[in-house]
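Enquirer:
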Amino acid sequence: MLSSLPASFREYGLSADVRTLLLLRKVIDRGLVKTLGDMYTVLRGIVVKEPADLGPYTKAYYRYFLDIAIQNGDSLEDAILRSETFEKWKTQFLDEADKDTNYTQEELINTFLDQVHLTHYDIKEVINGKEIFDKEDPDLKDKEAEGEYDMTEREARKLEKMADYSDLSLEELLERLEKIKEQQKSRHEGGSHWIGTGGISPFGHGGAAKNGVRIGGTGGGKMARKVIGDRNYYPVDRDAIINDNNVDAALASIKGVIEESATENLDIPVTIQSGLKRGGLFLPEMRSDKSEKLQIIVLIDNGGYSMSPFVKTVQELFRKMKTRFAHDLEVFYFHNTVYDVVYKDARRTKPFEVKRLLKYDKHYRVFFIGDASMAPYELDSESIQSLQSIVKKFKKTVWLNPEPLKYWSFTYTIQVVQQIMEMFPLTPNGIERAVQHMNKKSVV
Amino acid sequence: MAETTYWTGSEKYLCDTSLAQAFHMARVLGMPLLIEGEPGTGKTELPIHYSNSLGLDLHVYPVGSKSTVDQFVAKFDHVKYLRDSQIEILNAQREEKGLDSRLSTGGRNPEVLADYVAKGPAALAYSSPNSVLLIDEIDKAPREFPNDLLYALSHRKFIMPESGEVVEISEEDMPAIVITSNREQELPTAFKGRCIYHYIDFPDKDILSKIIEKHHPDIADEVVNVAMDVFYHLRKLGLERAPTTREILNWLKYIKQSASKEAIEKIERLEGLGALIKTQPDMDKVQRLLRVDPNNFSGPSLN
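First to last, the sequence lines map onto chains A and B. For the first sequence, the working numbering gives the first residue as 13, with consecutive numbering after it. For the second sequence, the working numbering gives the first residue as 130, with consecutive numbering after it.
(1) My parser needs the alpha helix (DSSP H) runs of 4 or more residues fully inside the segment 347-380 of chain A; what are they?
(2) Could you give the distance in angstroms between the alpha-carbon of Asp206 (chain B) and the alpha-carbon of Ser310 (chain B)?
(3) Using a 10 Å radius around the Cβ and a threshold of 16 neighbouring Cβ atoms, would you call Thr275 (chain A) buried or exposed?
(4) Straight-line CA distance for Glu89 (chain A) to Leu33 (chain A)?
(5) Going along chain A in order, which residues have a C-beta closer than 7 Å to the C-beta of Met154 (chain B)?
(6) Given Leu152 (chain A), which residues of its chain have a CB within under 6 Å of its CB, disregarding the five upstream and five downstream residues?
(7) Within 8 Å (strictly less), CB to CB, does Ala264 (chain A) reach chain B?
(8) Taking only three categories from DSSP, how would you classify Leu306 (chain A)?
(9) Measure the C-alpha to C-alpha separation of Val355 (chain B) and Ile393 (chain B) and round it to an integer number of angstroms.
(10) Please report how far the alpha carbon of Ala371 (chain B) lies from the alpha carbon of Tyr135 (chain B), in whole angstroms.
(11) Use the C-beta contact count for Phe21 (chain A): other C-beta atoms within 10 angstroms, 16 or more gives buried, fewer gives exposed.
(12) Taking the straight line between their C-alpha atoms, what separation do you get for Asn314 (chain A) and Thr325 (chain A)?
(13) Per the DSSP calculation, Tyr326 (chain B) is bridged to which residue(s)?
(14) Tell me which residues of the segment 198-221 of chain B have at least one Cβ-Cβ distance to chain A shorter than 7 Å, keeping chain order.
(15) Quick one, which residues of the segment 324-352 of chain B are near chain A if we go by CB-CB under 9 Å, in chain order?
(16) Using the beta-carbon of each residue, which ones in chain B are nearer than 8 Å to Glu297 (chain A)?
(17) Expressed to the nearest angstrom, what Euclidean distance is found between the alpha-carbon atoms of Ser213 (chain A) and Ser338 (chain B)?
(18) Nearest to Val128 (chain A) by alpha carbon, out of A:Thr47, A:Asp373, A:Gly43 and A:Tyr69?
(19) Assuming contact is defined by CB atoms lying nearer than 8 Å, are Pro275 (chain B) and Leu262 (chain B) in contact in what I supplied?
(20) How about Leu158 (chain B): is its C-beta nearer than 8 Å to some C-beta of chain A?
(21) When the Cα atoms are used, what is the spatial distance from Gly202 (chain A) to Ile164 (chain B)?
(22) Would you grab the beta carbon distance between Leu211 (chain B) and Pro296 (chain A) for me? Rounded to a whole angstrom, and I think it's under 8 Å.
(23) I'd like to check one pair, Ile384 (chain B) with Gly401 (chain B): are the Cβ atoms closer than 8 Å?
(24) Alpha carbon to alpha carbon, how far is Glu358 (chain A) from Lys141 (chain B)?
(25) Tell me, which residues are paired with Arg299 (chain A) by DSSP?
(26) So is Ala151 (chain B) in contact with chain A if we call contact Cβ pairs under 8 Å?
(27) Hey, is Met51 (chain A)'s beta-carbon within less than 8 Å of any beta-carbon in chain B?
(28) In this structure, what does DSSP give as the bridge partners for Phe436 (chain A)?
(29) With a threshold of 16 other CB atoms inside 10 Å of the CB of Lys452 (chain A), please say whether the residue is buried or exposed.
(30) Excluding sequence positions up to five away, which residues of its chain have a Cβ less than 7 Å from the Cβ of Thr70 (chain A)?
(31) When we look at the beta-carbon of Thr123 (chain A) and count the other beta-carbons within 10 Å, is it buried (16 or more) or exposed?
(32) With 8 Å set as the bound, which would you pick, yes or no: does the beta-carbon of Ser230 (chain B) sit closer than that to a beta-carbon of chain A?
(33) Lys195 (chain B) CB to nearest chain A CB: under 8 Å?
(34) In whole angstroms, give me the CA-to-CA distance for Glu391 (chain B) and Glu351 (chain B).
(35) In chain B, which residues lie with their C-beta within 8 Å of the C-beta of Lys61 (chain A)?
(36) Out of B:Gln416, B:Ile325 and B:Gln314, state which residue places its alpha-carbon closest to the alpha-carbon of Glu398 (chain B).
Written out as structure tokens, the structure is:
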């Protein structure tokens, strides 16, 4: 059953595997999946693991179950209108709909979405609603007599069908699921039969409900619509050079440099105090001590055009770090490479000798941020020595480079620097690897 | 039988349909529900109101930076154990000396190890069928906590330390487990894999007005509408800490002390802005932006 689902969802960068299927099977077994809308809800709970999965998930779902491909930059409406599934559905829908009503395109799409995202909860609500409605409306008879209450026979049948349909057995359901898959394979047959007369949705005909019988499903459709156009529901590009959009992802990666440790220690003063109070009966009192250590030196190359686009974001990154963890964070600036001084301010007017820098605690972690691209003569022996002495003193030193990785091998100075210390791209992924690299060496 | 009815909220709590469905699914499957979302969107409120409205036991474990699985499941109280066993010795000595007053161990018997096991919320929830277990703000935990928890949650059974007592629960009686997170820390993938995930979306106007009605049924609609306009506008300014549901509810609590007409004026003057804006840079930004463009609120500007 649905064995191609994991592979198809993985194409969208989602994590789905055989466990997803097993869990899905369990959910179906428990009777939580009766409609396509249920499938959307249920799979979302299983597959989506963070808000950034919602966009890809919605796309994958529309592609897999409805054969609707949502391209980048598409709105959900565009994609639906373009699809064959919608065309088929529309023909069928209009065939059976009230001939007197003229549906606008918007209404059609809304109805389509309503049907796609109809859940069995909605059906229950409709059925319950109908019962309550009937019971609570004493004027019902009069209205019917006057012909105002136009609950047609067809609608009554529809409700009946809904009730039936909520008793659908697992086997039937699986069979139907299989069927759509087959239909998708042979394209000429077009869309899915989840929707439509023979399909799984009881609302195949008749259009919107009347007389206060609310058709639900707006929830799911609305959500899907919202998700498709909103950047927040897509993963940030973790391989893009750090920018305002992915600075939070970078922050998350860099947080790994915080050293955390917790230990249970004997609280001697309290033990003695309480022991004396008890008249010499000394009982051990424990106290758990936690230490969070963040000692970072950041050296930023802010000279020259090549670096200027990144300096602001990098500063923002470390500023965020500092506000969240009030610990030792030292920022220095340099131009192209480090000779015997670095600077305390961005305008490079307050020099700070490298000799003094080397007096810092050796547990500081050092980030160089720069493109390391310069004229070969600039990276002279003095500079190389400075860099080497820093690496020697601070075991955990890395260089983050905003230059795209593919150009690194063409720049001589990058290669030289790479021989002195590990270099990583200035991307969320790169930062993550840099931090991992630092943690790996953390045998002190 | 497990409590698997479909729950859609109570008088005080509006449970969004998709959240209600995710919660239902989690309970039917006996899996924990992991809720994420902006602070102040009612993540913690869900299990509280759920247990209240159905009269179920609620066990809460607020996660902090020092949380350990011991605290969550059960802890053996070594100190009490040591004390009581020393008291036994003392009592024996006193008896020898012919003193009849005995020191009490408070009904605990050092021979019975189970007397010294302090059960945490997890063990308590697992020993009462159909309870509700809330693990609040798991992202505040030390990094290894979620993984330790994972082991605990994936077996429907805990073994008590030292005493070896087994606390076990059948799948039918599984407590409804709700875990909340503010996403301050990424949770391990394996951990998320064991949970049903739900991201609480920020409510739109329709839903927000319903939420407001549940909390402040006495406020006139016009007032709520004006307040919501201001509120959504503030959210759009791109503040560091955008105001959320909790903030507007608090703000309205302040606003509603005045009569409708006065209240609208108050809103337009942005009185009590401190309830909405929580950081100084944000406050500066709001004041700056509103001065530049006083027509933003179709009313008199600030000051």
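No residue lacks a Cβ here, since even glycine has one placed at the ideal position from N, Cα and C.
Expert: This is what the structure holds:
(1) 366-369
(2) Within the second sequence, residue 206 (chain B) is the residue found at index 77, counting from 1. Within the second sequence, residue 310 (chain B) is the residue found at index 181, counting from 1. Each residue's Cα considered, the two are about 30 Å apart.
(3) The residue labelled residue 275 (chain A) in the question sits at position 263 within the first sequence. So Thr275 (chain A) counts as exposed.
(4) As a first step, residue 89 (chain A) must be located in the first sequence, where it is residue number 77. As a first step, residue 33 (chain A) must be located in the first sequence, where it is residue number 21. Spanning the two alpha carbons is a distance of roughly 29 Å.
(5) In the second sequence, the residue the question calls residue 154 (chain B) occupies position 25. What Met154 (chain B) touches in chain A: Val39, Leu44, Val54 and Gly57.
(6) By one-based count along the first sequence, residue 152 (chain A) stands at place 140. Confidence at Leu152 (chain A) is low in this model, with a pLDDT of 42, below 50, so the placement of that residue should be treated as unreliable; the coordinate-derived value is given next. Closer than 6 Å at the Cβ level, and outside the excluded window around Leu152 (chain A), lies no residue.
(7) The residue you call residue 264 (chain A) lines up with position 252 of the first sequence. Ala264 (chain A) counts as touching chain B.
(8) Numbered from its first residue, the first sequence carries residue 306 (chain A) at position 294. Correct three-state label for Leu306 (chain A): coil.
(9) Locating residue 355 (chain B) in the second sequence gives position 226, counting from the first residue. Locating residue 393 (chain B) in the second sequence gives position 264, counting from the first residue. When rounded, the distance between both Cα atoms is 7 Å.
(10) Along the second sequence, one-based indexing puts residue 371 (chain B) at 242. Along the second sequence, one-based indexing puts residue 135 (chain B) at 6. One C-alpha to the other measures close to 32 Å.
(11) By one-based count along the first sequence, residue 21 (chain A) stands at place 9. Classification for Phe21 (chain A): buried.
(12) On the first sequence, residue 314 (chain A) is found 302 positions in, with the first residue counted as 1. On the first sequence, residue 325 (chain A) is found 313 positions in, with the first residue counted as 1. In a straight line, the C-alpha of Asn314 (chain A) is about 12 Å away from that of Thr325 (chain A).
(13) Here residue 326 (chain B) corresponds to residue number 197 of the second sequence, with the count starting at 1. Beta-bridge pairing links Tyr326 (chain B) to B:Leu163.
(14) Val208, Leu211, Arg212 and Gln215
(15) Cys324, Ile325, Tyr326, His327, Tyr328, Asp330 and Asp333
(16) Sequence index remark: in the first sequence, residue 297 (chain A) carries index 285 (1-based). Simply Val208.
(17) In the first sequence, the residue the question calls residue 213 (chain A) occupies position 201. In the second sequence, the residue the question calls residue 338 (chain B) occupies position 209. Per-residue confidence for Ser213 (chain A) stands at a pLDDT of 43, beneath the threshold of 50, marking its modelled position as unreliable; the derived number appears in the next sentence. Cα-Cα distance, rounded: 32 Å.
(18) Along the first sequence, read from residue 1 onward, the residue named residue 128 (chain A) stands at position 116. Out of A:Thr47, A:Asp373, A:Gly43 and A:Tyr69, A:Thr47 has the C-alpha closest to the C-alpha of Val128 (chain A).
(19) Residue mapping note: residue 275 (chain B) aligns to position 146 of the second sequence, counting from 1. Residue mapping note: residue 262 (chain B) aligns to position 133 of the second sequence, counting from 1. No.
(20) In the second sequence, residue 158 (chain B) corresponds to position 29, counting from 1. Taking Cβ atoms only, chain A reaches closer than 8 Å to Leu158 (chain B), which makes this a yes.
(21) The sequence position of residue 202 (chain A) within the first sequence is 190, counting from 1. The sequence position of residue 164 (chain B) within the second sequence is 35, counting from 1. A caution first: Gly202 (chain A) carries a pLDDT of 36, below 50, which makes its placement in the model too unreliable to give a value.
(22) As a working note, residue 211 (chain B) is residue 82 in the second sequence. As a working note, residue 296 (chain A) is residue 284 in the first sequence. Confirmed, about 7 Å.
(23) Locating residue 401 (chain B) in the second sequence gives position 272, counting from the first residue. Locating residue 384 (chain B) in the second sequence gives position 255, counting from the first residue. Yes, the Cβ-Cβ distance between Gly401 (chain B) and Ile384 (chain B) is below 8 Å.
(24) Taking the first sequence and counting its residues from 1, the one referred to as residue 358 (chain A) is at position 346. Taking the second sequence and counting its residues from 1, the one referred to as residue 141 (chain B) is at position 12. At residue 358 (chain A) the sequence reads Ala, which differs from the Glu that was named. Using only the alpha carbons, I get a separation of about 53 Å.
(25) Within the first sequence, the letter at position 287 stands for residue 299 (chain A). Partner(s): A:Asn277.
(26) For this step, residue 151 (chain B) is matched to residue 22 along the second sequence. So, interface residue.
(27) Numbered from 1 along the first sequence, position 39 holds the residue referred to as residue 51 (chain A). So no, Met51 (chain A) is outside the interface.
(28) Counting from 1 along the first sequence, the entry for residue 436 (chain A) is found at position 424. Note: Phe436 (chain A) sits in a beta bridge opposite A:Leu412.
(29) Taking the first residue of the first sequence as position 1, residue 452 (chain A) is located at position 440. Burial call: exposed.
(30) Sequence index remark: in the first sequence, residue 70 (chain A) carries index 58 (1-based). Only Ala236, Val239 and Ile240 meet the Cβ criterion.
(31) As a first step, residue 123 (chain A) is located in the first sequence; it is residue number 111 there, counting from the start. So Thr123 (chain A) counts as buried.
(32) In the second sequence, residue 230 (chain B) corresponds to position 101, counting from 1. No, because no Cβ of chain A sits closer than 8 Å to the Cβ of Ser230 (chain B).
(33) Taking the first residue of the second sequence as 1, we reach residue 195 (chain B) at position 66. Yes, because at least one Cβ of chain A sits closer than 8 Å to the Cβ of Lys195 (chain B).
(34) Position 262 of the second sequence, counted from the start, is the residue given in the question as residue 391 (chain B). Position 222 of the second sequence, counted from the start, is the residue given in the question as residue 351 (chain B). Going from the Cα of Glu391 (chain B) to the Cα of Glu351 (chain B) covers about 12 Å.
(35) Here residue 61 (chain A) refers to the residue found at position 49 when the first sequence is read from its first residue. Neighbours of Lys61 (chain A) on chain B, chain order: Thr318, Lys321, Gly322 and Tyr326.
(36) Translated into positions along the second sequence, residue 398 (chain B) becomes position 269. According to the sequence shown, residue 398 (chain B) is Arg rather than Glu. Arg398 (chain B) has its Cα closest to that of B:Gln416, out of B:Gln416, B:Ile325 and B:Gln314.
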